[in-house]
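Undergrad: When the sequence shown is numbered by this note's numbering, its final residue is 543 and no position is left out of the sequence of numbers. Note that CB positions come from ideal geometry on N, CA and C, so glycine has one too.
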Amino acid sequence: MLEKFFVYIIANFNNQKITTYVGWTNNLKKRLELHNNGKGAKFTRGRKWMLIFKKRMLSKKKAMQFEYKLKKNRKIRKDLINKFISTTPNCF
Numbered sequence: 452m453l454e455k456f457f458v459y460i461i462a463n464f465n466n467q468k469i470t471t472y473v474g475w476t477n478n479l480k481k482r483l484e485l486h487n488n489g490k491g492a493k494f495t496r497g498r499k500w501m502l503i504f505k506k507r508m509l510s511k512k513k514a515m516q517f518e519y520k521l522k523k524n525r526k527i528r529k530d531l532i533n534k535f536i537s538t539t540p541n542c543f
């Protein structure tokens, strides 16, 4: 059986300010629960997060490479955020 990995972007929308976090996981549902329960990455604690982007990858290596690309390339991240906002009218 092939393992599946996800690269994801979560966002916190607070007072017209958008904070994002990029990560990878092999269990997206559990990972989002951890972030929202204050047990995820230290940066994500104390906020409520919404999944705004996910991409399935077939290997851990590919997931880690794509996560690195998203973390370093703000333009791609901003484009994905704008796409989400344009399709989700009440995110703020």
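Are at least three pairs of beta-carbons, each pair with one atom in the stretch 455-473 and one in the stretch 488-504, less than 8 Å apart?
TA: By the criterion of at least three beta-carbon pairs nearer than 8 Å, the stretch 455-473 is in contact with the stretch 488-504.
Undergrad: Using the DSSP secondary-structure output, state which residues sit across from Tyr472 in a beta bridge.
TA: Within the sequence shown, numbered from 1, the residue matching residue 472 stands at position 21. DSSP, once it has assigned bridges, lists Ile461 as partnering Tyr472.
Undergrad: Mind listing, in chain order, the continuous beta strand (DSSP E) runs of no fewer than 3 residues lying wholly within the stretch 475-521?
TA: 501-508
Undergrad: List the residues that DSSP assigns as beta-bridge partners of Phe456.
TA: As a first step, residue 456 must be located in the sequence shown, where it is residue number 5. BP columns for Phe456 point to Met508.
Undergrad: Which residue from Ile527, Asn524, Lys506 puts its Cα closest to that of Asn477?
TA: The sequence position of residue 477 within the sequence shown is 26, counting from 1. Ranking Ile527, Asn524, Lys506 by Cα distance to Asn477 puts Lys506 first.
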